[in-house]
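The structure under discussion appears below in the form of structure tokens.
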DNA sequence: TTGCGTTTCCAAAACGTTTTCGGGTATATT
DNA sequence: AATATACCCGAAAACGTTTTGGAAACGCAA
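Chains as they are written, first to last, in my numbering: chain P, 796 to 1127; chain F, 796 to 1127.
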């Protein structure tokens, strides 16, 4: 059947101890025996069993990627982050197994127990909301974790997110540089952490670049396309003199574009639009959407890096903000 | 530290054997002891170690999701399939760990060895191409596997893909029903299995619905947006009287739309377009793209189901075709 | 009483590794 | 020559489960 360390030992005429040592680069094994063992191992196509190793070492070199809601939207975002996580984790020799909160919830156990049962060394959490009951578990648990897009910090829990306040500032600054003086904001869901930050950045930038801040110019669109349409309509009803608007997501901004077309508003002459995210759609929609891009892939990489530093070097978790980038196209 | 089966045994005043049996629903344990054990286990918040179990059972309840190239395009496709795979595998009590061919390749070992080292019970392969050196390994290996979008069938390897020939037929039939009589085809990469099938469906449908098949009306666009633009230009140069064209991917079709706009062709009056895939973009682009949708999520589910049946019931692998669906929007 | 079948339980082996502790040689030091 | 010092190597325990092969207790029939 499977070729074990014992087979290698027998074939090389040494003990299993020596095989283990030779293959793992331990010090106290003669150079010639080491070579022989390596040769035999290769000959037999020997692959150490990760599960046996995990059992004795009490770590699995396996980290969980916890996704709160796989289905709902955010495809682009989640996928890129996932790839980033996978790539850098693979570099460090870790595997990643998918964990959905749904399955844990279904078994009526916390996700921490879920991960412990599987011997996961740590977990990267994404797609979770502030109002999710799991956040409490994340911050309190001793399972090393880093969460994406939610500023949760504790002894065993770090986070990485994009610098939303500066992202919002970039957007406003750009609109101002394009001549806008009366700028509105279509925010996402109110309970999302990122919404608050983008609002803060928006307000600060408006105060800095145009002077007065009119809170009647911020409306909420729930991150959806239809929400964006509705919200923009409401905004324009409140303040017809608005000449530029910042959307907290590209999807909402695209809704905004559609509203403008329906209302006969020229973009960007009558109304300048800038979105947030830089989803794939952004470059294809007409007019192409000016937006502030999130470094999705890099967020995954950074989260992974932080986690392995916690695991391997015992570093304390931290909060990392990644810089977004304004990409200007046609809408502003 | 960790609470083990031994702790439960001690606390319940029985042997570990009995605990194992009680918890796993084996027959020979008294009903009252079973209840006591269960109670104690709950009390102690005992979670059996999956890795210890894997070691002795020699199966891990863990299957690999092999992605040949995480980065390159296909985001939408891969993500939806991945979610489908995860969801139904979770239903059956399996975990899924991400495996990229890159990391295996980098370690200079076959992906089968890679999976075996990790004790994976099986593997679902996606994003692989006909010319990939790994296909040989897939069909020859004894590791139960099912591949997506590539018709590989062997003793331990099944596949699921969408019914591409019928998808192409739907597209052509729709174009014909819209009055098109001279229909072109912008195919994807020639070496992709799906390309061949779509071509076959296209040819059959053209013969059936319009009569003669002119092979000069099929060009290749490499699945990219720019490729689609170029290919359509070439097609129109060859045959200016073309009045409808079927693209083997939405991205190429969108390239086609852009070419039409640049060339001053009205869609669908001068030229009717239909794509393939139904990516997110399709509904947002203007005019909205008529296309044939692939059941991405269901493909993942079906692949998972097939693999589980192979593993649990010893069923033979099979080839499954899932029906695509024409979604008509504005371009045809 | 003996023999036998059931039921309920347990000790121990097994799964495939790593690691601790110590044993043996050869070489260097006194 | 005796002793210390490296240097290699191996036996065995451990990791946390499942499962095998009995064993004890009990009831029942002979």
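Idealized CB from N, CA, C, for every residue including glycine.
- Message: Going by DSSP, what residue range makes up the alpha helix (DSSP H) through residue 1077 of chain F?
- Response: The residue labelled residue 1077 of chain F in the question sits at position 282 within the second chain. Unbroken alpha helix (DSSP H) run through residue 1077 of chain F: 1076–1079.
- Item | Burial state of residue 819 of chain F (16 or more Cβ within 10 Å) | For the purposes of this step, residue 819 of chain F is identified with residue 24 of the second chain, where counting begins at 1. By the neighbour-count rule (16 or more Cβ atoms within 10 Å), residue 819 of chain F is not buried but exposed.
- Task: Quick one: using the 10 Å Cβ neighbour count with 16 as the cut-off for buried, is residue 1064 of chain P buried or exposed?
- Result: One-based indexing of the first chain puts residue 1064 of chain P at position 269. Answer is exposed; the Cβ neighbour count stays below 16.
- Message: As a quick exercise: from F:1107, F:930, F:912 and F:1004, pick the residue whose alpha carbon is nearest that of residue 846 of chain P.
- Response: The residue labelled residue 846 of chain P in the question sits at position 51 within the first chain. Per the Cα distances, F:912.
- Query: Using a Cβ-Cβ distance under 9 Å, would residue 896 of chain F count as near chain P?
  - Reply: Within the second chain, numbered from 1, the residue matching residue 896 of chain F stands at position 101. For residue 896 of chain F, the nearest beta carbon of chain P is not closer than 9 Å to its own beta carbon.
- Message: With distance defined between alpha-carbon atoms, name the residue in F:1113, F:1057 and F:1082 nearest to residue 1067 of chain F.
- Response: Locating residue 1067 of chain F in the second chain gives position 272, counting from the first residue. A check of alpha carbon separations from residue 1067 of chain F across F:1113, F:1057 and F:1082 identifies F:1082 as the nearest.
- Task: Just the chain P side, please: which residues come within less than 9 Å of residue 891 of chain F by C-beta, in chain order?
- Result: Here the question's residue 891 of chain F lines up with position 96 in the second chain. Ordered by position in chain P, the residues that pass the 9 Å Cβ test against residue 891 of chain F are 892 and 893.
- Mind listing the chain P neighbours of residue 795 of chain F? Cutoff is C-beta to C-beta under 7 Å, in chain order. No answer is possible for residue 795 of chain F: it lies beyond the span of chain F, which begins at 796 and ends at 1127.
- Message: Cβ closer than 8 Å: which chain P residues qualify as neighbours of residue 1016 of chain F?
- Response: Against the second chain, residue 1016 of chain F aligns to sequence position 221. In chain order: nothing, as chain P lies at least about 16 Å away.
- Item | Burial state of residue 914 of chain P, where buried means 16 or more other Cβ atoms lie within 10 Å | Here residue 914 of chain P refers to the residue found at position 119 when the first chain is read from its first residue. So residue 914 of chain P ends up on the buried side.
- Where does residue 1126 of chain P fall in DSSP's three states? Translated into positions along the first chain, residue 1126 of chain P becomes position 331. It is coil, neither helix nor strand.
- Item | Environment of residue 1118 of chain F [buried if 16+ CB atoms lie within 10 Å] | As a working note, residue 1118 of chain F is residue 323 in the second chain. So residue 1118 of chain F counts as exposed.
- Are three or more beta carbon pairs between the region 1044–1053 of chain F and the region 925–933 of chain F nearer than 8 Å? No: fewer than three Cβ pairs fall under 8 Å.
- On the three-pair Cβ rule with 8 Å, is the region 947–954 of chain F touching the region 885–896 of chain F? Too few Cβ pairs lie closer than 8 Å, so no.
- Starting from residue 1033 of chain F, find everything on chain P with Cβ-Cβ shorter than 8 Å and list it in chain order. Locating residue 1033 of chain F in the second chain gives position 238, where the first residue counts as 1. Using a Cβ-Cβ cut-off of 8 Å, residue 1033 of chain F is close to nothing in chain P; its nearest Cβ partner there is about 27 Å away.
- Message: Tell me the rounded alpha-carbon separation between residue 925 of chain F and residue 852 of chain P.
- Response: Counted from its first residue, the second chain places residue 925 of chain F at position 130. Counted from its first residue, the first chain places residue 852 of chain P at position 57. Rounded to whole angstroms, residue 925 of chain F to residue 852 of chain P spans 40 Å at the Cα level.
- Per DSSP, cross-strand counterpart(s) of residue 1040 of chain P: Within the first chain, residue 1040 of chain P is the residue found at index 245, counting from 1. Answer is P:979 and P:1068.
- Query: What residues in the region 906–933 of chain F bring their beta carbon closer than 9 Å to a beta carbon of chain P?
  - Reply: Cβ contacts with chain P come from 908, 909, 911, 912, 913 and 914.
- Query: Hey, is residue 847 of chain P's beta-carbon within less than 9 Å of any beta-carbon in chain F?
  - Reply: Here residue 847 of chain P refers to the residue found at position 52 of the first chain. True, the Cβ-Cβ gap to chain F drops below 9 Å.
- Query: Would you call the CB atoms of residue 919 of chain P and residue 1098 of chain P closer than 9 Å?
  - Reply: The residue given as residue 919 of chain P occupies position 124 in the first chain. The residue given as residue 1098 of chain P occupies position 303 in the first chain. Yes.
- Excluding sequence positions up to five away, which residues of its chain have a Cβ less than 7 Å from the Cβ of residue 891 of chain F? As a first step, residue 891 of chain F is located in the second chain; it is residue number 96 there, counting from the start. Cβ neighbours of residue 891 of chain F beyond the five flanking positions: 858, 860, 880, 881 and 884.
- 8 Å Cβ shell around residue 946 of chain P - same chain, five flanking residues per side excluded: Numbered from its first residue, the first chain carries residue 946 of chain P at position 151. Excluding sequence neighbours, residue 946 of chain P sits near 954, 956, 988 and 1114.
- Message: Cβ closer than 8 Å: which chain P residues qualify as neighbours of residue 885 of chain F?
- Response: Here residue 885 of chain F corresponds to residue number 90 of the second chain, with the count starting at 1. Within chain P, the residues placing a beta-carbon under 8 Å from that of residue 885 of chain F are 895, 897 and 898, ordered along the chain.
- Message: Check for me: the alpha helix (DSSP H) holding residue 852 of chain P runs from which residue to which?
- Response: What you label residue 852 of chain P is simply residue 57 of the first chain in a count that begins at 1. Where residue 852 of chain P is concerned, the enclosing alpha helix (DSSP H) stretches over 845–852.
- Hey, does residue 882 of chain F have any beta-carbon neighbour from chain P nearer than 9 Å? Looking up residue 882 of chain F in the second chain gives position 87. For residue 882 of chain F, a Cβ of chain P is located within less than 9 Å of the residue's own Cβ.
- Task: Grab me the residues of residue 1018 of chain P's own chain with a C-beta within less than 8 Å of its C-beta, minus the 5 sequence neighbours each way, in chain order.
- Result: In the first chain, residue 1018 of chain P corresponds to position 223, counting from 1. So the list reads 868, 983, 984, 987, 1043, 1044, 1046 and 1047, once near-sequence residues are dropped.
- Message: Just to make sure I have the definition right: I need the residues of chain F whose C-beta is within less than 8 Å of the C-beta of residue 850 of chain P. Which are they?
- Response: Taking the first residue of the first chain as 1, we reach residue 850 of chain P at position 55. Here the neighbours are 844, 846, 847 and 850.
- Message: Quick check on residue 904 of chain F - is its C-beta less than 9 Å from some C-beta in chain P?
- Response: As a position in the second chain, residue 904 of chain F is number 109, starting the count at 1. For residue 904 of chain F, the closest Cβ of chain P is nearer than 9 Å.
- Task: Sort out for me which residues DSSP pairs residue 1088 of chain F with in a bridge.
- Result: Taking the second chain and counting its residues from 1, the one referred to as residue 1088 of chain F is at position 293. The bridge partners DSSP lists for residue 1088 of chain F are F:1072 and F:1120.
- Query: Do residue 856 of chain F and residue 849 of chain F have their C-beta atoms within less than 9 Å of each other?
  - Reply: One-based indexing of the second chain puts residue 856 of chain F at position 61. One-based indexing of the second chain puts residue 849 of chain F at position 54. Judged by beta-carbon spacing, residue 849 of chain F lies within the 9 Å limit of residue 856 of chain F, meaning their Cβ atoms are closer than that value.
- Message: How far does the alpha helix (DSSP H) with residue 955 of chain F in it extend, from its first residue to its last?
- Response: Stepping through the second chain from its first residue, residue 955 of chain F is reached at position 160. No alpha helix (DSSP H) contains residue 955 of chain F, which is instead part of the beta strand (DSSP E) from 952–957.
- Message: For residue 936 of chain F, tell me which candidate among F:917, F:966, F:1057 and F:901 has the shortest Cα-Cα distance.
- Response: Here residue 936 of chain F corresponds to residue number 141 of the second chain, with the count starting at 1. Of the listed residues, the one whose Cα sits closest to residue 936 of chain F is F:917.
- So which residues on chain F does residue 936 of chain P lean against when the C-beta distance must stay under 8 Å? Stepping through the first chain from its first residue, residue 936 of chain P is reached at position 141. Residues of chain F passing the Cβ test: none, with the nearest at roughly 13 Å.
- Message: Excluding the 5 residues flanking residue 1000 of chain P on each side, which residues of the same chain have their C-beta closer than 7 Å to its C-beta?
- Response: Numbered from its first residue, the first chain carries residue 1000 of chain P at position 205. Counting only Cβ-Cβ distances below 7 Å, and skipping sequence neighbours, we find 963, 964, 967 and 968.
- Classification of residue 830 of chain P by the beta-carbon crowding that lies within 10 angstroms, buried from 16 upward: Against the first chain, residue 830 of chain P aligns to sequence position 35. So residue 830 of chain P counts as exposed.
- Query: Given 8 Å as the limit, is there contact between the region 1091–1105 of chain P and the region 1024–1032 of chain P, that is, 3 or more CB pairs closer than that?
  - Reply: Output reads no: the region 1024–1032 of chain P does not touch the region 1091–1105 of chain P.
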